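For the sequence shown, position 440 matches number 447 in our numbering, and the numbering has no gaps at all.
Beta carbons: idealized from backbone N, C-alpha and C, even for Gly.
Only a predicted model underlies this, so the values are computations on that prediction, with no experimental measurement involved.
A short worksheet on the structure shown next.
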Amino acid sequence: MMRRARMAAAAFVLGASLIASAGSFGWAGGAYLSKDSVTLTSGRVIEGEILEETPTTVRMRVELYGIVSEITYDKREIVSINRGVERTKEESAAPQTPATPAAPSARPAPAARTPDANTKRVYVVNLSGKFGREITQTPMRDAVRDAHRQDANVLIFVLDSEWRYNELEEMNDDDAFFDQLFRADPMFPILREEIPRLFGPDVKVVFWIKKAMGGAAFLPLVCKDIYFHPDARMGGVGNLSTMFGSTGDEVVRQKQLSLRLATAVGAALEGGYDKQIVEAMTMVEKVFSYRIEGGRPVIVPGYPDPGRGDILLTDDGQGENRDTIEQLARGLGNDTLTLNADLAQKLGLSRGTVGTIDDLLFAMGMARNHVRVDSQSDQIMSTWARGLERAERDIRRLWEDYTQIQVAGERKDRQRARGRQIAVLEQIQGIIRRYKESIVPQQLGVPDDRQIQIIIENIRLEMLRDR
8 MMRRARMAAA
18 AFVLGASLIA
28 SAGSFGWAGG
38 AYLSKDSVTL
48 TSGRVIEGEI
58 LEETPTTVRM
68 RVELYGIVSE
78 ITYDKREIVS
88 INRGVERTKE
98 ESAAPQTPAT
108 PAAPSARPAP
118 AARTPDANTK
128 RVYVVNLSGK
138 FGREITQTPM
148 RDAVRDAHRQ
158 DANVLIFVLD
168 SEWRYNELEE
178 MNDDDAFFDQ
188 LFRADPMFPI
198 LREEIPRLFG
208 PDVKVVFWIK
218 KAMGGAAFLP
228 LVCKDIYFHP
238 DARMGGVGNL
248 STMFGSTGDE
258 VVRQKQLSLR
268 LATAVGAALE
278 GGYDKQIVEA
288 MTMVEKVFSY
298 RIEGGRPVIV
308 PGYPDPGRGD
318 ILLTDDGQGE
328 NRDTIEQLAR
338 GLGNDTLTLN
348 ADLAQKLGLS
358 RGTVGTIDDL
368 LFAMGMARNH
378 VRVDSQSDQI
388 MSTWARGLER
398 AERDIRRLWE
408 DYTQIQVAGE
418 RKDRQRARGR
428 QIAVLEQIQG
438 IIRRYKESIV
448 PQQLGVPDDR
458 QIQIIIENIR
468 LEMLRDR
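In structure tokens form, the structure reads like this:
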């Protein structure tokens, strides 16, 4: 099935490339005898017939996957506009409208509304990087607010979380970080409360999963519309039962586990998904099977009953059932559930498998009439990421400056040195507070905000005692 899904996705891409590479094309009746084209900032060339050009948008008739559609493009996403030279007699007689680029401005204005009230205003947010670091609530919230300013009514979150030990080594499916759930907690309210409050009940929110491992696996669960990339993986949270070890009070441990599981299950139920999917993803000792009844998935606890057509989903991970290195390397482990595109669709978590944003819009029924209004989205996300890197460099540099300050000499020299120490420490505090959701001071070799405050208070006491 996975192979067939990938072949289908490849066929979609091949079909699109064949259309783009055709020498000439036209619709019956001689509507036009050559093609116009626009080149997008992404490098993609869209070919078809330009129906209307305004100072801010270009509306085109194009053919996607054999379907004739009308699509409106924001000029801020367009690098160049080229009109075909072979036209019908009527078109040749009409004056050509020159391509007019949108005037540059420090703060781009929202894209103009198109005359068609059914046009979907699509805003894509690329959530990429480390979960809890680049993928975090502040830039996500900023992007959502920008989408509101652009009057978007479709929000697509593309989730591609980093899952690696370092730049050279990928993590396996059995590497598990359930407790990253606490990093998803501050992001849930954006999806649950802020988006409905800003956009109203008619907004459509979609997650497209490329990689959702660790805490990132929980984030899409509150969304009712999830699609998978052909190579997508979703899991990496299978250590709930073992995360507290065997020390301490058993009753306390079980309460902590129950609280965490309830939070994760609550997200799945909110999105309309079977809670047993979350249990299979998080609890290694639980065994689950599934079968298809009346075209719908039925997940049941325990090993499969061949008489009912059950299929094993996860085993208990014990003894001979423990996943081997080879199985994990091939993505075939089943001690806990890691979803791929095929399995996610079978279990009712995914609405479909798509390889590109264009494929996704087609699957959502929006290929015919939509406009992208997300020209600032990537800049919002990258500004946070660059600022975070700069903040970490500044923290290390400032801490080194602090350690180099010598409190010595006359009293006025000592007091001046202590004042410099406090000033440097307060700078570090300010940076930590600005990026507190993503910065872990201990990983940078510096104290955290609370510890720095204690150091500052001690320095002030020294200043009072130094008479």
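Alpha carbon of residue i to alpha carbon of residue j, nearest angstrom
i, j, result
"residue 99", "residue 382", "Bear in mind that the predicted position of residue 99 carries a pLDDT of just 41, short of 50, making it too unreliable to give a figure here."
"residue 230", "residue 281", "13 Å"
"residue 379", "residue 235", "21 Å"
"residue 475", "residue 215", "Only positions 8 to 474 of the chain appear in this structure, which leaves residue 475 out of reach."
"residue 279", "residue 370", "20 Å"
"residue 471", "residue 465", "10 Å"
"residue 329", "residue 342", "6 Å"
"residue 418", "residue 473", "7 Å"
"residue 51", "residue 68", "16 Å"
"residue 150", "residue 347", "28 Å"
"residue 60", "residue 66", "6 Å"
"residue 265", "residue 140", "27 Å"
"residue 353", "residue 238", "16 Å"
"residue 62", "residue 82", "8 Å"
"residue 246", "residue 183", "6 Å"
"residue 259", "residue 147", "35 Å"
"residue 300", "residue 248", "31 Å"
"residue 128", "residue 79", "10 Å"
"residue 91", "residue 58", "13 Å"
"residue 318", "residue 302", "15 Å"
"residue 84", "residue 386", "13 Å"
"residue 463", "residue 289", "43 Å"
"residue 409", "residue 262", "44 Å"
"residue 355", "residue 197", "24 Å"
"residue 240", "residue 169", "11 Å"
"residue 468", "residue 394", "34 Å"
"residue 440", "residue 433", "10 Å"
"residue 56", "residue 42", "6 Å"
"residue 438", "residue 423", "23 Å"
"residue 444", "residue 360", "33 Å"
"residue 228", "residue 271", "9 Å"
"residue 388", "residue 152", "13 Å"
"residue 456", "residue 431", "13 Å"
Cβ pair residue i, residue j closer than 9 Å
i, j, result
"residue 167", "residue 243", "no"
"residue 202", "residue 212", "yes"
"residue 154", "residue 357", "no"
"residue 291", "residue 268", "no"
"residue 304", "residue 310", "no"
"residue 398", "residue 442", "yes"
"residue 144", "residue 193", "yes"
"residue 223", "residue 191", "yes"
"residue 186", "residue 250", "yes"
"residue 321", "residue 344", "yes"
Expected contact under 8 Å - CB spacing of residue i and residue j to nearest Å
i, j, result
"residue 552", "residue 160", "Summary: the structure shown does not reach residue 552, with the chain confined to residues 8 through 474, and so no result is reported for it."
"residue 138", "residue 221", "6 Å"
"residue 435", "residue 406", "6 Å"
"residue 88", "residue 45", "5 Å"
"residue 1", "residue 188", "No answer is possible for residue 1: it lies beyond the span of the chain, which begins at 8 and ends at 474."
"residue 376", "residue 126", "5 Å"
Reduced DSSP category for residue i - H, G, I as helix; E, B as strand; rest coil
i, result
"residue 357", "coil"
"residue 385", "helix"
"residue 299", "strand"
"residue 128", "strand"
"residue 229", "helix"
"residue 172", "coil"
"residue 265", "helix"
"residue 235", "strand"
"residue 82", "helix"
"residue 53", "strand"
"residue 277", "helix"
"residue 270", "helix"
"residue 191", "helix"
"residue 201", "helix"
"residue 477", "The displayed coordinates of the chain run from 8 to 474. Any statement about residue 477 would go beyond what the structure contains."
"residue 390", "helix"
"residue 439", "helix"
"residue 87", "strand"
"residue 219", "strand"
"residue 318", "strand"
"residue 251", "coil"
Residue i Cβ short of 8 Å to the ligand COA heavy atom set
i, result
"residue 364", "The ligand COA is absent from the structure shown, which contains no ligands of any kind."
Meets three-Cβ-pair contact criterion under 8 Å: the segment 412 to 421 and the segment 158 to 174: Contact between the segment 412 to 421 and the segment 158 to 174 is absent, because fewer than three Cβ pairs lie under 8 Å.
The segment 390 to 407 / the segment 446 to 461 touching (three or more Cβ pairs under 8 Å): yes
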